[in-house]
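Read the structure below first, then the notes.
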Amino acid sequence: MITMIAAAAQNKALGKDNQLIWHLPNDFKRFKSLTTGHHIIMGRKTFESFPKPLPNRTHIIITRQANYQAAEGCIVVDSIEKAIEKCPEGEESFIIGGGEIYQLALPFSDKIELTVVHHNFEADAFFPEIEPEDWELISSEFQAKDEKHLYDYSFDTYIRKQKSLSEI
Numbered sequence: 008m009i010t011m012i013a014a015a016a017q018n019k020a021l022g023k024d025n026q027l028i029w030h031l032p033n034d035f036k037r038f039k040s041l042t043t044g045h046h047i048i049m050g051r052k053t054f055e056s057f058p059k060p061l062p063n064r065t066h067i068i069i070t071r072q073a074n075y076q077a078a079e080g081c082i083v084v085d086s087i088e089k090a091i092e093k094c095p096e097g098e099e100s101f102i103i104g105g106g107e108i109y110q111l112a113l114p115f116s117d118k119i120e121l122t123v124v125h126h127n128f129e130a131d132a133f134f135p136e137i138e139p140e141d142w143e144l145i146s147s148e149f150q151a152k153d154e155k156h157l158y159d160y161s162f163d164t165y166i167r168k169q170k171s172l173s174e175i
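Okay, here's the thing in structure tokens:
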């Protein structure tokens with residue numbers, strides 16, 4: 008199963024200048040709990056935004072740069088298709104960004120774990136539109152802002168709708 012995991016604002020903003028725009032500790036905890044022990048697929052810029060590879064995850068980095076040298080243990084490929092091929096069958100693998108990679112991965116994804124930040128931000132990277140005819144919201148947990156979280160946010164989970172035979 009391919010799951011896209013992201014935090015995006017109401018206007019679909021993901022980040023600016025290869026940085027997150029907000030700080031939501033509970034979102035980081037959720038990301039860690041969901042992705043630990045799994046393969047994570049990301050673009051080169053997303054990988055380079057980390058101080059070091061995330062522990063207890065297999066990193067698959069998509070880049071057009073020939074001979075790109077990543078940290079030891081990371082897998083480097085040049086397409087979303089090749090990245091998905093490197094993931095173990097029958098296990099959940101995660102697409103973690105950035106904007107271009109989410110757009111490329113959308114047709115291959117089965118599930119979306121989206122933290123919606125209830126605010127609009129100026130950004131240069133955006134999450135793709137979630138089309139209601141393709142995706143069903145199966146859970147949404149609202150979280151009110153508090154002393155550690157400057158914005159209200161929701162943990163939303165979508166699954167891809169199955170097409171009926173008449174739609175194929």
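Heads up, the sequence shown is in our numbering, so the first residue is 8 and it goes up one at a time. Note that the Cβ used here is the ideal one computed from N, Cα and C, for glycine as well.
Item, Value
"Where DSSP assigns a beta bridge to Y165, which residues make up the other side?", "I119 and L144"
"Could you name the residues that DSSP lists as bridge partners for T65?", "H46"
"On the CB-based measure, 16 or more other CB atoms within 10 Å of its CB, does D34 come out buried or exposed?", "buried"
"From the DSSP output, read off the bridge partner residues of A112.", "Paired residues: none, contrary to the question."
"Rounded C-beta distance between I166 and K118? I'm assuming under 8 Å.", "5 Å"
"Evaluate contact between the region 23-30 and the region 126-136, counting only Cβ atoms and requiring at least three cross-stretch pairs below 8 Å.", "yes"
"Quick check: the Cα distance between V123 and T164, rounded to an integer number of angstroms?", "10 Å"
"Given this structure, state the Cα-to-Cα distance separating S147 from Y160, to the nearest angstrom.", "10 Å"
"Do H46 and I67 come within 8 Å of each other at the CB atom, strictly closer than that value?", "yes"
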